[in-house]
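Reviewing the structure listed below.
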Amino acid sequence: MEEILCKYIRYAMNEKPFNLGMLADLIQLRKASMLNGAQVAKILNEISRRIVRDKGPVVMDISGYSEKGFKRKLAVQALFGKIFYLSKLPEFCSRESSLIIKEIFGVTDEDAVTLLLLLKNDVSHG
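The sequence shown begins at 1 in the UniProt record's numbering and counts up one residue at a time.
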């Protein structure tokens, strides 16, 4: 079941609009999976590691990048925001779980808040 949830989260993060409907689908799948908080944290951490391995860490100052590099770094910021947002939903992930998403992406607390606020604005208007 871990593999199914992991694959669907990755698919949703990359292919679906990040909105309330998608979040509801992910929460429903997470509940149906019967996985505990530690298992869900492990999945989110693994997805984060995979993103950083494939696309690099979050970079907040994206000046000086080529257009391709700029778009890639914006995509990493967006993916971090989505994973981090999901990890903050109590219906999806317990607070006491072993999440290390910010550390994996190399994001400071301040930058995490900035990216989370941008994403929340997108979700509420999307």
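We put the beta carbon where it would ideally sit given N, CA and C, even for glycine.
Beyond the five residues adjoining it in sequence on each side, Val107 comes within less than 7 angstroms, by CB distance, of Val58, Phe80 in the same chain, given in chain order.
Between the stretch 80-94 and the stretch 109-120, the count of C-beta pairs closer than 8 angstroms reaches three or more; the two stretches touch. Rounded to the nearest whole angstrom, the C-alpha separation of Pro17 and Val123 is 9 angstroms. Shortest Cα-Cα distance from Ile4 to any of Ile43, Leu23, Ala38, Leu74 involves Ile43. Each residue's CA atom was taken as its position, placing Gly56 and Gln28 some 30 angstroms apart.
Nearest to Leu115 by alpha-carbon distance, out of Arg49, Leu74, Cys6, Leu26, is Leu74. Annotated three-state conformation of Cys6 is helix, per DSSP. For Tyr85, the enclosing alpha helix (DSSP H) stretches over residues 67-88.
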